[in-house]
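One line per chain: the protein sequences are A and B, in this order.
9 is the number of the first residue of the first sequence in our numbering; add one for each residue after it.
34 is the number of the first residue of the second sequence in our numbering; add one for each residue after it.
Glycine included, C-beta positions come from ideal geometry on N, C-alpha and C.
Here is the structure we will look at, set down as structure tokens.
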Amino acid sequence: MNTEFIFKYLPLYEKAAVLTLRIGVEGIIIAILLGIICALIQYGKVPIIRRIVSVYIELSRNTPLLVQLFFIYYGLPKIGISTNAEVCGAIGLGFLGGSYMAEAIRSGLETIEPIQAESALSLGLKPAQVMRYVILPQAVSVSMPAFMANIIFLLKETSVFSAISLMDLMFTAKDLIGLYYKTTESLFMLVVFYLIILLPVSLLGRFIERRLRYAGFGT
Amino acid sequence: MGEELLKIEGLVKSYDGHTVLDGIDLTVHSGEVLVIIGPSGCGKSTLLRCINGLEPIHGGKITLSGEEIRNGSKNLPTLRQKIGMVFQSYELFPHLTVLDNITLAPLKVQKRTKAEAEEEALKLLERVGLKDKAKQYPRQLSGGQKQRVAIVRALCMHPEVMLFDEVTAALDPEMVREVLDVMLDLAKQGRTMIIVTHEMQFAEAVADRVIFIDKGNIIEEGKPKEFFNSPKTERAAQFLNIFEFESVKD
């Protein structure tokens, strides 16, 4: 392995990692917000909108991110919305992640027995307060493993961003291989940088899960 | 006995066309302890749930000090503060400590100060012998302890009437006593209580009045001594007899 090559192109990878992480975080924030809204709509059985949410969830979960990105990247300008690749990446990731997050949160919400809500209501709490102080905290702790798995999954999905010419980690590695034929070094750096991003997330997830595990133990 | 507190007139409740409560008329006075007994599925628990506005009703009217209790109405959260409810399955919030369970509603609903709410919570916990459990989570408590915490949680809101829905039914016999003692103590303090129970001796000791419900109707009503010793209706007599066994061996 050529260490000189590695050190020479380290800054390129660092820049790409920052871009990957930034779009990843933006996309995940969109996914979480979208997920919470969709989960609450489905949990609350809001008429009509609930059907739209179901269609969105099936559409988003059953099509590849690459296809979704193409639709957003090449489709939006066709209907007159001009945008750039980075925004497209974040929106695409959010669109894909929203449905996974919605399903994770909804399954958490559904494990909480309705009588828990009734006991909170009987104390005089308003429905929104019941959701905020009693149902959501418990649901989140039940959903946390799926939730963290989704975050890691979405961060990994950022590797298809290169297809819409975003200079993320994958793009950088492919570019360097194409230019210098240093396949081993380029791929080695790619793996290292993905691990640098994902390992802390994974460990953080395990830590949070352990902290939240109390809600799993009966009433 | 005080003035009329809770008034139920012609209450009808049905599930999928099956009538559970068939025109219940009932008045509870301030300071009264009313015990409701009856066979499983007779509508006792449904009656309590209607009083707390947890169920939509299909006829009649429930009022607390003149204000109507109706499922879905805007002032329901305000009215519910005046009605404490204790459930058979405790329903403590598992993600909160005992103290936070008790102070959640006083803080968020009544906007009391943390110091004041916690002080009262600890005082009430001491009264039921659980002050040392304040910082523990519900999963660390026994069933009887959980139920006492649930009673304290309801009390801390200063309700005008307390509803108890078979609160000892899920407990083993040793724990039943500790919960019933707390309830006897509350009765002595002159609290208004509506108790659904299968503990007949307790019912006789605690009640000012007993009503017997079967198939959604009040079949019999009376003073506990008269009711338990010489029920007027055949149905009540039959029900009470279930609890006596004759020896089968010499």
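Residue 106(A) is not a Cβ neighbour of residue 162(A), given a cutoff of 8 Å.
Residue range 233-239 is occupied by the alpha helix (DSSP H) that includes residue 233(B). For residue 192(A), the three-state secondary structure derived from DSSP is helix. A direct Cα-to-Cα measurement between residue 65(B) and residue 271(B) gives close to 27 Å. Counting the other CB atoms within 10 Å of its CB gives residue 58(B) a total below 16, which places it among the exposed residues. Residues are counted here when their Cβ sits less than 8 Å from a Cβ of chain A; for the segment 214-231 of chain B the count is zero. Within chain B, 87 have C-beta atoms less than 7 Å from the C-beta of residue 126(A), given in sequence order. Around residue 123(A), the beta-carbon contacts reaching into chain B at under 8 Å are 120, 122, 124.
For residue 142(A), the neighbours in chain B by C-beta distance under 7 Å run, in chain order, 126. For a Cβ distance threshold of 8 Å, residue set 133, 137, 141 of chain A lies close to residue 141(B), ordered along the chain. The continuous alpha helix (DSSP H) containing residue 152(A) extends over residues 144-165. Under a criterion of Cβ atoms nearer than 9 Å, the residues of chain A adjacent to residue 114(B) are, in order, 131, 132. When DSSP states are grouped into helix, strand and coil, residue 54(A) belongs to the coil group. At least one CB of chain A lies nearer than 8 Å to the CB of residue 190(B). Put simply, the CB of residue 132(B) is far from chain A, with every gap to its CB atoms at 8 Å or more. Between the segment 62-81 of chain B and the segment 230-246 of chain B, the count of Cβ pairs shorter than 8 Å is three or higher; the stretches touch. Non-local C-beta neighbours of residue 57(A) in its own chain, meaning closer than 7 Å and more than five positions away in sequence, comprise 49, ordered along the chain.
In the DSSP assignment, residue 133(B) falls within the alpha helix (DSSP H) that extends over 131-141. Here the segment 162-174 of chain B does not lie against the segment 87-94 of chain B, with fewer than 3 beta-carbon pairs under 8 Å apart. Contact between residue 196(B) and residue 227(B) holds: their C-beta atoms lie close to 5 Å from each other, under 8 Å. Bounds of the beta strand (DSSP E) holding residue 93(B) are 92-97. Below 8 Å, enough C-beta pairs join the segment 155-173 of chain A and the segment 69-78 of chain A to call them touching: three or more.
With a 10 Å radius around the Cβ and a threshold of 16 neighbouring Cβ atoms, residue 139(A) comes out buried.
Contact between residue 156(A) and residue 216(A) holds: their C-beta atoms lie close to 7 Å from each other, under 8 Å.
Contact annotation for residue 110(B) against chain A: 129, 132, 133, 134 [CB-CB distance below 8 Å, chain order]. At the C-beta level, residue 211(A) and residue 149(A) stay beyond 8 Å of one another. Residue 230(B) and residue 280(B) have their C-alpha atoms some 26 Å from each other.
Beta-bridge analysis with DSSP links residue 52(B) to 47(B). Here the alpha carbon of residue 10(A) sits roughly 12 Å from the alpha carbon of residue 189(A). At least 8 Å separates the CB of residue 238(B) from every CB of chain A.
In this structure, the CA atom of residue 23(A) is about 20 Å from the CA atom of residue 160(A). Listed along chain A are 141, each with a C-beta nearer than 7 Å to that of residue 137(B). In the DSSP assignment, residue 106(A) falls within the unbroken alpha helix (DSSP H) covering 93-118. One thing to note: residue 31(A) has its Cβ within 8 Å of the Cβ of residue 169(A). Per DSSP, the unbroken alpha helix (DSSP H) holding residue 177(B) starts and ends at 176-188. Nearest to residue 158(A) by C-alpha distance, out of 87(A), 40(A), 18(A), is 40(A).
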